[in-house]
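A.B. asks:
Protein chains: 2
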Amino acid sequence: MDKYFSSRATVRDFRNEDVPLSLIESILEAAMRAPTCGNMQLYSVIVTREPEARRALAETHFNQPAAIGAPVILTICADFNRFSRWCRLSDAKPGYDNFLSFLTATTDAVILAQQITTIAEMEGLGTCWLGTVTYNAARISELLSLPDLVVPVAALAIGWPASTPERCERLPLEACMHLERYRDDSDAKVMELFKAKDEFGPNARFVAENGKTSLAQVFTDVRYPEAMNVEVSKALLDLLRDKKFL
Amino acid sequence: MDKYFSSRATVRDFRNEDVPLSLIESILEAAMRAPTCGNMQLYSVIVTREPEARRALAETHFNQPAAIGAPVILTICADFNRFSRWCRLSDAKPGYDNFLSFLTATTDAVILAQQITTIAEMEGLGTCWLGTVTYNAARISELLSLPDLVVPVAALAIGWPASTPERCERLPLEACMHLERYRDDSDAKVMELFKAKDEFGPNARFVAENGKTSLAQVFTDVRYPEAMNVEVSKALLDLLRDKKFL
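Residue numbers (our numbering), protein chains in the order written: chain A, 1 to 246; chain B, 1 to 246.
1) Could you pull out every unbroken alpha helix (DSSP H) segment of at least 4 residues lying fully inside the region 88-169 of chain A, listed in chain order?
2) In the DSSP assignment, the beta strand (DSSP E) including C176(A) goes from what residue to what residue?
3) List, in chain order, every chain A residue whose beta-carbon is nearer than 7 Å to that of Q114(B).
4) Below 8 Å on the Cβ atoms is my guess for P51(B) versus F14(B); work out the distance and round it to an integer in Å.
5) Tell me which residues of the region 230-243 of chain B have at least one Cβ-Cβ distance to chain A shorter than 7 Å, keeping chain order.
6) Got a sec? Which residues, its chain only, sit under 7 Å from C37(A) by beta carbon, not counting five neighbours each side?
7) Grab me the residues of Q217(A)'s own chain with a C-beta within less than 8 Å of its C-beta, minus the 5 sequence neighbours each way, in chain order.
8) Report the option in L215(B), E17(B), K189(B) whose CA atom is closest to the CA atom of G201(B).
9) Candidates Y96(A), N98(A), A157(A): which alpha carbon is nearest G126(A)'s?
10) Indicate the three-state DSSP secondary structure (helix, strand or coil) for F245(B) in the structure shown.
11) Please classify V19(B) as buried or exposed, where buried requires at least 16 neighbouring CB atoms within 10 angstroms.
12) With a floor of 4 residues, list each alpha helix (DSSP H) that falls wholly inside the region 3-36 of chain B, ordered by position along the chain.
13) Could you please tell me which residues of the region 7-32 of chain B, in chain order, have their CB closer than 9 Å to any CB of chain A?
14) Using the three-state DSSP reduction, which class does A78(A) fall into: helix, strand or coil?
15) Tell me which residues of the region 47-72 of chain B have at least one Cβ-Cβ distance to chain A shorter than 7 Å, keeping chain order.
16) Ordered along the chain, which non-local residues of its own chain (more than five positions away) have a Cβ less than 7 Å from that of R88(B)?
17) Pull up the DSSP beta-bridge partners for L179(A), would you.
18) Would you call K244(A) buried or exposed, if buried means 16 or more other Cβ atoms sit within 10 Å of its Cβ?
19) Just to confirm the assignment, what range does the alpha helix (DSSP H) spanning V190(B) have?
20) List, in order along the chain, the chain A residues whose C-beta lies closer than 9 Å to that of V190(B)?
21) Got a sec: which bits of the region 172-204 of chain A sit with their beta carbon under 7 Å from any beta carbon on chain B, in order along the chain?
22) Between F169(B) and T213(A), what straight-line distance do the alpha-carbon atoms span, to the nearest angstrom?
23) So is D79(A) buried or exposed if we call it buried at 16+ other beta carbons inside 10 Å?
24) For G131(B), decide whether its Cβ has a neighbour in chain A, counting only Cβ atoms nearer than 8 Å.
25) By how many angstroms is the C-alpha of D97(A) removed from the C-alpha of R68(B)?
26) Going along the chain, which residues of its own chain have a beta-carbon closer than 8 Å to the beta-carbon of E121(A), five neighbours each way excluded?
27) So which residues of chain A does L146(B) contact, with C-beta pairs closer than 8 Å?
28) Just grab the DSSP bridge partners of I73(A) for me.
29) A34(A) and L112(A) - do their beta-carbons sit closer together than 8 Å?
30) Under 8 Å: do the region 173-183 of chain A and the region 44-59 of chain B share three or more Cβ pairs, one atom per stretch?
31) Express the C-alpha separation of V153(A) and D221(B) in angstroms, rounding to a whole number.
32) Rounded to the nearest angstrom, how far is the Cβ of L173(B) from that of E25(A), given a contact under 8 Å?
33) Distance check for I76(A) and L143(A), CA to CA, integer angstroms please.
34) Rounded to whole angstroms, what's the CA-CA distance from S90(B) to I27(B)? Just pull it up for me.
35) For my contact list, Q114(A) and Q114(B) are in at a C-beta cut-off of 8 Å; report their separation, rounded to the angstrom.
36) Can you give me the Cβ contacts of Y135(A) inside the same chain, cut-off strictly under 6 Å, excluding the 5 residues immediately before and after it?
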C-alpha cells in the first residue's frame with residue numbers, strides 16, 4: 001500500500017480461500033474508531049460467510065461476480081434500533097424515527113464502511129463495494145432479519161485478490177474542488193474535465209459494445225437509466241416508511 | 001499514526017496556523033482514489049479558507065469551537081449536477097433527479113469525506129466532523145452557491161492540533177457485529193453493551209451537569225431531542241425537493 005492509498009483499486013476477482021473470522025473482527029474493531037455522530041455509533045455490520053447465505057445474498061446483488069466469488073460479504077446498516085432500545089431501557093424517550101436520523105445513521109454507516117475498506121486493503125485483502133445494496137434493500141432486510149430503524153446502506157465483498165486489479169481513471173482534482181463557492185463551469189470546461197474519462201480505453205470499448213455514440217449514454221441508457229432510478233427511489237422510500245424512518 | 005488508526009481521536013482545538021492550499025489539494029487528490037459508485041464521482045468539495053467566509057460558515061455550525069478555530073472548513077456535497085451536465089452535453093438524457101440518486105451521491109460524498117479524514121490525519125492534521133451540516137443545510141447551500149442536484153452532506157474542520165485529543169469510549173465489537181443475521185439482544189444484554197459508555201467518566205459528568213438521571217436522557221432531552229429531529233427532517237426534505245432530488 002503506497003502513501004495515501006493512491007494506487008488502490010477495486011478487486012472483483014477473489015481467490016477461493018477463506019478470510020478468518022478473527023481477521024474480520026480485528027478489522028471491524030479497528031474501524032469502529034472512525035468518527036461517528038455524537039459517539040452514538042449508529043451502525044451494525046452483518047457478516048455473511050455461510051455458503052448458502054452468501055448465495056442468497058449474492059442474488060440480491062444481481063449475482064455480480066464479486067458478490068458470488070467473495071468468501072465474505074459485509075452488509076453495513078444504518079441502525080437506530082440499538083441506540084433507541086438503550087434509551088428506553090434508561091428511562092429516556094428516543095425520537096429517532098425520522099428522516100434526519102436516517103441520514104445521520106447512514107453517514108455513520110458509510111464512514112465505517114470506508115474505514116473497513118481502508119483497513120482491509122492495508123491487510124492485503126481486496127474489496128468491492130456493492131452499489132446494488134440499495135436496489136434490493138427490502139429483500140436484503142428480510143434475508144438478514146433487520147428490525148425497525150435498521151436499513152442496509154452499504155455492502156462490501158471481501159477476499160484475497162486473485163489478480164492485480166486495473167486502476168481506472170478519475171476526474172482531475174479541479175473538477176471536484178471549489179474555492180470558497182461552487183463554481184458552475186462553462187459547457188466547454190465540463191467537456192474538458194470529462195475528456196480523460198471519455199477517452200479512457202476501456203470506456204471507449206463500452207460505448208462501442210453497447211452501440212452508443214457517447215460514454216454518457218452508457219450511463220443514462222444502460223447502467224443507471226431513469227426508469228430504474230425512479231422505481232428504486234419509490235421502493236427505497238417505501239422501505240424507509242416500513243422501517244419507521246419516514 | 002498507529003497501525004489501523006486505532007489511536008485516532010477527533011480534534012476540536014487547533015493552532016492558529018494556516019494549512020497550505022497545496023496540502024489540501026494533495027489530500028483531496030489522493031482521497032479521490034477512494035471507491036465511488038460506477039466511477040461517477042458524485043461529489044464536490046468546497047474549501048472555505050477566507051476569514052470572513054469561515055465566520056459565516058461557522059455560524060451555520062452554531063459557532064462550535066472546532067468550526068470557529070479551524071483554518072479550513074471543507075464542505076463535502078452530494079453532487080449530481082456536474083455529471084448530469086456532462087450527460088446533456090454528450091447527447092444523453094440524465095435521470096438523476098430522484099431519491100436513489102441523492103442516496104448514491106451522499107454515499108460517494110461520505111466515502112470521500114472519510115478518506116480525506118484518514119489522509120489528513122496521516123499528515124498530522126486534526127479533523128472534526130461537523131454533524132451540524134444537516135441542521136442548516138439550506139443556509140449552507142446559499143452561502144456556498146450550490147446549484148440544483150448539489151446538497152451538503154458532510155463538513156470537516158481541519159487544522160493543526162493544539163493539544164492531544166482525548167480518545168472517547170466505544171461500544172464493544174459484539175454490540176455492532178452480527179453473524180449471518182441481525183441478532184436482537186435481550187434487554188439485559190443491551191444494558192451490558194452500553195455499560196462502559198454509561199460509566200465512562202466524562203459521560204457521568206454530563207449527566208450530573210444536565211440534571212439528568214441517565215446518559216441516554218442527555219441524548220434524548222438535550223443533544224438530539226425529538227422536536228428538533230422532526231423539524232430538521234422537514235427542512236431537509238424541503239431542501240431535497242428544492243434541489244430536485246425529491
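Beta carbons: idealized from backbone N, C-alpha and C, even for Gly.
On a predicted model such as this, the values are computed, not experimentally measured, just so you know.
C.D. replies: Reading it off the structure:
1) 99-122, 137-143
2) Counting along the chain, C176(A) falls outside any beta strand (DSSP E), though it belongs to the alpha helix (DSSP H) covering 173-176.
3) A34, I111, Q114, Q115
4) With 8 Å as the limit, P51(B) and F14(B) do not qualify as a contact, their Cβ atoms being about 14 Å apart.
5) V230, V232, S233, L236, L237
6) The residues are T104, T107, D108.
7) Within the same chain, Q217(A) has close Cβ partners V207, N210.
8) L215(B)
9) A157(A)
10) coil
11) buried
12) 21-31
13) Within the region 7-32 of chain B, the residues whose Cβ lies closer than 9 Å to some Cβ of chain A are S7, R8, A9, T10, L21, I24, E25, S26, I27, L28, E29, A30, A31, M32, listed in chain order.
14) strand
15) V47, T48, E50, A53
16) P94
17) V47(B)
18) Counting Cβ neighbours within 10 Å, K244(A) comes out buried, since at least 16 surround it.
19) 187-193
20) Correct list: R82, R85, W86, L89.
21) For the region 172-204 of chain A, residues whose beta-carbon sits nearer than 7 Å to a beta-carbon of chain B comprise L173, A175, C176, M177, H178, L179, E180, R181, Y182, D184, D187, V190, M191, F194.
22) With the sequence shown as reference, residue 169(B) is identified as Glu, and Phe is not the correct amino acid for it. Taking the straight line from one Cα to the other gives about 55 Å.
23) Residue environment for D79(A): buried (at least 16 other C-beta atoms within 10 angstroms of its C-beta).
24) So yes, G131(B) belongs to the interface.
25) Reading off the sequence, residue 68(B) comes out as Ile, not Arg. Rounded to whole angstroms, I68(B) to D97(A) spans 32 Å at the Cα level.
26) M1, F5, R8, T127
27) Y182
28) The partner list for I73(A) (beta bridge, DSSP) reads T48(A), A157(A).
29) yes
30) yes
31) 28 Å
32) Confirmed, about 6 Å.
33) 14 Å
34) 31 Å
35) 4 Å
36) V232
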